[in-house]
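Only one structure is covered here, and it is reproduced in the block below.
In the numbering used here, the protein residues as written are 8 to 275.
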């Protein structure tokens, strides 16, 4: 491990490493509080059994209030990495967990082998992820690029994924509000966003045809269109969620799956 953080109130601004394990966080005697990591540059890929840029160490009791702002990671073809960002191993649902984790301005450029990951997170309470770019230039299909499990209160915004992948964002068995917005992932073979049993789930500004899984989605933002009767379209319409204000008849109508109906349920 190139850098071990095992005390409170640590701030790092500017860091470069090509170690197979760059920054470890955790302590066996205390929860690590108030950590800020900015402007990090790392390279992964020396065929070690475990390769992670940032991770929680084996003896960890957890952390509270961790900000990672500005991470640029290059993953080489000979990497056998679990994921550049890995807060999962050694955490559990009882005493060992993370709280108040914020990831922003993250870029992962990867030529890693098939079924690689980008971010794996488990047992985190209050998680915010924004401004992520995952660029897979390997030609190999990657697995779950952002994988979050058994966590609580999640907000994900502005994720851009380029390259072949199975699932862009996989969220499983999470509690509290789970909101995912502005995700661009045109090359997902299974789903851009996959919700596995998160009941309070909202996808905003995403291609709804690429949002799937169980309990998906419990609610969405409605799509609103305006025009006259002759300009009505069914392209991109979602049953119950697409509203059209028809200026010819001067009232709103909704797509019901086979036609347009007004607020009284009459076809118009």
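All C-beta atoms, glycine included, are put in the ideal place defined by N, C-alpha and C.
With fewer than 16 neighbouring CB atoms inside 10 Å of its own CB, residue 189 falls in the exposed class.
Rounded to whole angstroms, residue 46 and residue 219 show a C-alpha spacing of 34 Å. By the 16-neighbour rule on beta-carbons within 10 angstroms, residue 233 is exposed. Take the alpha-carbon of residue 31 and the one of residue 238: they are about 58 Å apart.
By the CB criterion at 9 Å, residue 171 and residue 147 fall inside the cutoff. DSSP, read as helix, strand or coil, puts residue 238 in helix.
About 7 Å separates the beta carbon of residue 158 from that of residue 132, a gap short enough to meet the 8 Å contact definition.
Annotation: the stretch 139 to 179 contains the following complete segments of the beta strand (DSSP E) (minimum length 3 residues), in chain order: 149 to 156, 159 to 169, 172 to 179. 9 Å or more divides the Cβ of residue 97 from the Cβ of residue 59.
Residue 129 carries a strand assignment under DSSP once its states are collapsed to helix, strand and coil. Counting only runs that start and end inside the stretch 184 to 218, the beta strand (DSSP E) elements of at least 3 residues fall at 195 to 203, 208 to 211. Ranking 200, 108, 250 by CA distance to the CA of residue 212 puts 200 first.
In this structure, the beta-carbon distance from residue 264 to residue 246 falls below 9 Å. Judged by DSSP in its simplified three-state form, residue 37 adopts coil rather than helix or strand. Of the candidates 261, 141, 68, 82, 68 places its Cα closest to the Cα of residue 106. Rounded to whole angstroms, residue 156 and residue 176 show a C-alpha spacing of 11 Å. When DSSP reads this structure, residue 68 sits in no beta bridge, so it has no partner.
Close CB contacts of residue 143 within its chain, under the 6 Å cut and outside five residues either way in sequence, are with 117, 149, 170 (chain order). Out of 91, 102, 267, 77, the CA that lies nearest to the CA of residue 71 is found in 102. Residue 97 carries a coil assignment under DSSP once its states are collapsed to helix, strand and coil. Taking each of 34, 163, 120, 18 in turn and checking the Cα distance to residue 74, the smallest one comes out for 18.
In this structure, residue 138 sits near residue 113, with a CB-CB distance shorter than 9 Å. Taking 8 Å as the upper bound for CB-CB distance, residue 267 and residue 260 are in contact here, some 4 Å apart. Non-local beta-carbon contacts of residue 48 in its own chain, meaning distances under 6 Å to residues more than five positions away in sequence, involve 23, 79 in chain order. Counting the other Cβ atoms within 10 Å of the Cβ of residue 63 gives 16 or more, which makes it buried.
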